[in-house]
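These protein sequences, in sequence, are chains A and B.
If you read the first sequence in the working numbering, its first letter stands for residue 8, the second for the next number, and so on.
If you read the second sequence in the working numbering, its first letter stands for residue 905, the second for the next number, and so on.
We treat Cβ as the ideally placed atom computed from N, Cα and C, and that holds for glycine.
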Amino acid sequence: MYPPEEQVVISAQNVSLSYIDSEPIIYDATFKVKKGEFVFITGPSGSGKSTILKSLYGDIKPRNGELIITDTPLSNITDNTLMTLRQHIGIVFQDYKLIKEWNIEKNVMLPLLIAGYSKRVCEAQVDKLLAHVDLYHRKGRFPMELSGGEQQRVAMARALSHNPTVILADEPTGNLDSYSSGVIWRLLEGANTQLQTTIIVVTHDIPPAMNLNYTHFSIQDGRLVNEKDRYGTTR
Amino acid sequence: MNMPFREHISLITALFTILFTLQVYFVIDRTIIMYETTLTNSYSMITVSNKPIQIDLVKDEIKAIDKIKTIDPQKVVDRLKDELNKEDLGVLKESLPNFYRVFLKKYPDPDGLKNIKNRIENFDGIIRVETYSKTHNQIFKLLVLFKEISNVFLIAIFLVSTLLVVKEMRIWQFEHTERMHIMALFGAPIWMRSAVLFKVAIFDAIISSILVVITFLILDMNGWLHELFSMIAVEVDIFEFFKDTFKLLSISIIISFMLASVTILKNRESYGR
């Protein structure tokens, strides 16, 4: 049992992951992620980084092993419980996954609408976040009217809007210019340091300018390896 | 709603096509029923009897008979009053048999007509029953043809509607799957993911119904179609406002709800999908 400040948010025990009727991509992964931890998972293309992330939000079911996210075991989880669990997770995708028929404001508002907040609260929170990502002036626009960097900033604002317990980011800066990449990393760092949000980022490379402690897992031949626990080494 | 209007166009177009053809079918069906009623009302057979028949008895025996009217022989006599003297006319009037016009409840088929004729002939005193069967059979065949065409049209509507709905299902899968999946990624319960679809379904159903109602009201106000119907001596309501609006709206809502339900069922999110 961890003390409260070291509460385990994600626990994986001998987890193997594969797509239907194929060989496992990830073997026997065992790890724990504590509340407020910032985790990088790195590895070459096709190594299974995104697959791990998908398993964490219930898009892929482990072939073996047990996954527990915020005290909810995923084995035999019902559809309703899965949806409730996802309401505590913020996800950022490389391809943004914004709803193209909705304007920016409504896209950012989505997690708040799902959580059942009043319109007034939703609008106030969205205005604040859009100002924070420097897109307040474009809140009436639709995703296709924005650049890639702007769309990812919108996706980031959406992931933060409901103050989730965990943020999962799949190559969040993969396609972005340096300005937008900087904004995304600053937002993730801010959520981690100020709100104690647990962050798990899947990426090719850890940005050199990270100003906080993080845990680094890499994937080598389908195995998750804890590269270096950098607690206590602030850069 | 927030969906750009072009996202609505495909369903509205499909629903409009289905509703328009259905309303055309309703008008054709109504026309055939009207035409049949007109034929029934104008058709009668002549029965000649050498003694007065008991009208109520005949009607009780042959349920297909609607009414029997006695033909006044004075009309026949009046035509001959210039050629015959008063005494001969009196003798003629006394010796004339009784004439009756027999009206039926429904326009019968040739076998039915033959059967009715035979049964009337079995009554005591009946010496002749004239059914004008040749003319009747020709008109009856025409009526059957209309009905068959109408049925073929209904089958065609059903096939076209099925094809349009199947095509629309594919479009909806493409258009709505991504949004529903993204909503599910953030934990939207099924009712919330579905609500958007049902809103679109109701909106499109209402718009397409309104468009068909407007189209048929314009056609109804235009004299051209009524002139066409008057050529076959039939007065048809091209659009019965409350009844037809209710029917069209119900059908379009049923179709679009069916579409929404199939899309939702195909996009159920569960663990490991």
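Report the rounded CA-to-CA distance for residue i versus residue j, giving the unit in angstroms.
i: residue 1095 of chain B; j: residue 97 of chain A; result: 21 Å
i: residue 53 of chain A; j: residue 79 of chain A; result: 28 Å
i: residue 224 of chain A; j: residue 1084 of chain B; result: 32 Å
i: residue 70 of chain A; j: residue 24 of chain A; result: 5 Å
i: residue 242 of chain A; j: residue 107 of chain A; result: Residue placement at residue 242 of chain A is flagged as unreliable, the pLDDT there being 33, under the threshold of 50; a coordinate-derived value is accordingly withheld.
i: residue 917 of chain B; j: residue 1112 of chain B; result: 7 Å
i: residue 948 of chain B; j: residue 931 of chain B; result: 27 Å
i: residue 1183 of chain B; j: residue 1029 of chain B; result: Since the first and last residues shown for chain B are 905 and 1177, residue 1183 of chain B lies out of range.
i: residue 42 of chain A; j: residue 1164 of chain B; result: 41 Å
i: residue 963 of chain B; j: residue 972 of chain B; result: 8 Å
i: residue 993 of chain B; j: residue 986 of chain B; result: 10 Å
i: residue 1125 of chain B; j: residue 1009 of chain B; result: 33 Å
i: residue 113 of chain A; j: residue 1051 of chain B; result: 54 Å
i: residue 1139 of chain B; j: residue 1027 of chain B; result: 38 Å
i: residue 131 of chain A; j: residue 1101 of chain B; result: 27 Å
i: residue 1080 of chain B; j: residue 946 of chain B; result: 58 Å
i: residue 200 of chain A; j: residue 1070 of chain B; result: 52 Å
i: residue 980 of chain B; j: residue 1036 of chain B; result: 20 Å
i: residue 21 of chain A; j: residue 49 of chain A; result: 19 Å
i: residue 999 of chain B; j: residue 954 of chain B; result: 9 Å
i: residue 1057 of chain B; j: residue 1021 of chain B; result: 35 Å
i: residue 1159 of chain B; j: residue 923 of chain B; result: 10 Å
i: residue 1150 of chain B; j: residue 936 of chain B; result: 22 Å
i: residue 1135 of chain B; j: residue 1059 of chain B; result: 27 Å
i: residue 126 of chain A; j: residue 184 of chain A; result: 34 Å
i: residue 229 of chain A; j: residue 222 of chain A; result: 19 Å
i: residue 989 of chain B; j: residue 978 of chain B; result: 15 Å
i: residue 237 of chain A; j: residue 156 of chain A; result: In this predicted model, residue 237 of chain A has a pLDDT of only 44, less than 50, meaning its place in the structure is not dependable; the value taken from the coordinates is given anyway. C-alpha separation (whole angstroms): 29 Å.
i: residue 1099 of chain B; j: residue 1068 of chain B; result: 23 Å
i: residue 168 of chain A; j: residue 29 of chain A; result: 37 Å
i: residue 1143 of chain B; j: residue 1053 of chain B; result: 21 Å
Taking residue i as the reference, which of the options has the closest Cα?
i: residue 1091 of chain B; options: A:186, A:215, A:166, A:202; result: A:166
i: residue 1106 of chain B; options: B:1010, B:937, B:1161; result: B:1161
i: residue 99 of chain A; options: B:1086, B:998, B:1036; result: B:1086
i: residue 921 of chain B; options: B:1169, B:1127, B:1114, B:998; result: B:1114
i: residue 1078 of chain B; options: B:941, B:928, B:1167; result: B:1167
i: residue 1073 of chain B; options: B:1047, B:1003, B:1170; result: B:1170
i: residue 928 of chain B; options: B:945, B:1141, B:1012; result: B:1141
i: residue 976 of chain B; options: B:988, B:1001, B:970; result: B:1001
i: residue 203 of chain A; options: A:29, A:30, A:40, A:22; result: A:40
i: residue 939 of chain B; options: B:1137, B:915, B:1069; result: B:1137
i: residue 214 of chain A; options: A:201, A:170, A:46; result: A:46
i: residue 1155 of chain B; options: B:1065, B:970, B:1025, B:974; result: B:1065
i: residue 968 of chain B; options: B:1031, B:1007, B:1132, B:1046; result: B:1007
i: residue 94 of chain A; options: A:184, A:156, A:118; result: A:118
i: residue 216 of chain A; options: A:222, A:230, A:231, A:192; result: A:192
i: residue 1049 of chain B; options: B:1034, B:1013, B:1082; result: B:1013
i: residue 245 of chain A; options: A:36, A:127, A:152, A:221; result: No information on residue 245 of chain A is available, as it lies outside the stretch 8 to 242 that chain A covers here.
i: residue 1148 of chain B; options: B:911, B:984, B:934, B:913; result: B:934
Do residue j and residue i have their beta-carbon atoms positioned less than 8 Å apart in this structure?
i: residue 33 of chain A; j: residue 58 of chain A; result: yes
i: residue 966 of chain B; j: residue 1023 of chain B; result: yes
i: residue 158 of chain A; j: residue 103 of chain A; result: yes
i: residue 219 of chain A; j: residue 196 of chain A; result: yes
i: residue 859 of chain B; j: residue 1061 of chain B; result: Beyond the ends of chain B as shown, which are 905 and 1177, falls residue 859 of chain B; an answer cannot be given.
i: residue 1109 of chain B; j: residue 961 of chain B; result: no
i: residue 55 of chain A; j: residue 19 of chain A; result: no
i: residue 198 of chain A; j: residue 174 of chain A; result: yes
i: residue 1093 of chain B; j: residue 90 of chain A; result: yes
i: residue 142 of chain A; j: residue 163 of chain A; result: no
i: residue 205 of chain A; j: residue 44 of chain A; result: yes
i: residue 160 of chain A; j: residue 187 of chain A; result: yes
i: residue 64 of chain A; j: residue 1089 of chain B; result: yes
i: residue 1123 of chain B; j: residue 1129 of chain B; result: yes
i: residue 172 of chain A; j: residue 15 of chain A; result: no
i: residue 1003 of chain B; j: residue 959 of chain B; result: no
i: residue 1104 of chain B; j: residue 1152 of chain B; result: no
i: residue 1157 of chain B; j: residue 914 of chain B; result: no
i: residue 101 of chain A; j: residue 182 of chain A; result: yes
Query raised in the report: Residue ranges of each alpha helix (DSSP H) run of no fewer than 4 residues wholly in the region 1001–1074 of chain B, ordered along the chain?
Result: 1014–1025
Requested in this report: Within the region 157–184 of chain A, note down every full beta strand (DSSP E) run reaching 3 residues or more, in order along the chain.
Outcome: 173–177
**Report entry** Those runs of the beta strand (DSSP E) which lie wholly inside the region 91–128 of chain A and span at least 3 residues
**Finding:** 96–99
Report task. Specify whether the region 207–216 of chain A and the region 172–179 of chain A touch according to this definition: at least 3 beta carbon pairs, one from each stretch, less than 8 Å apart. Result -> yes
Query - Within the region 8–47 of chain A, ranges of the beta strand (DSSP E) (whole runs, at least 3 residues) - result: 15–24, 33–41
Report task. Within the region 910–993 of chain B, note down every full beta strand (DSSP E) run reaching 3 residues or more, in order along the chain. Result -> 948–953, 969–975
Query raised in the report: Any chance the region 1011–1021 of chain B sits against the region 1033–1045 of chain B, with 3 or more Cβ pairs inside 8 Å?
Result: yes
Query raised in the report: Should the region 126–144 of chain A be regarded as contacting the region 85–96 of chain A, the criterion being three or more beta carbon pairs within less than 8 Å?
Result: no
**Report entry** Segment contact, 8 Å Cβ cut-off, at least three pairs: the region 60–70 of chain A with the region 144–162 of chain A
**Finding:** no
Query - 4-residue-minimum alpha helix (DSSP H) runs that sit fully inside the region 1093–1168 of chain B, ordered along the chain - result: 1094–1125, 1127–1134
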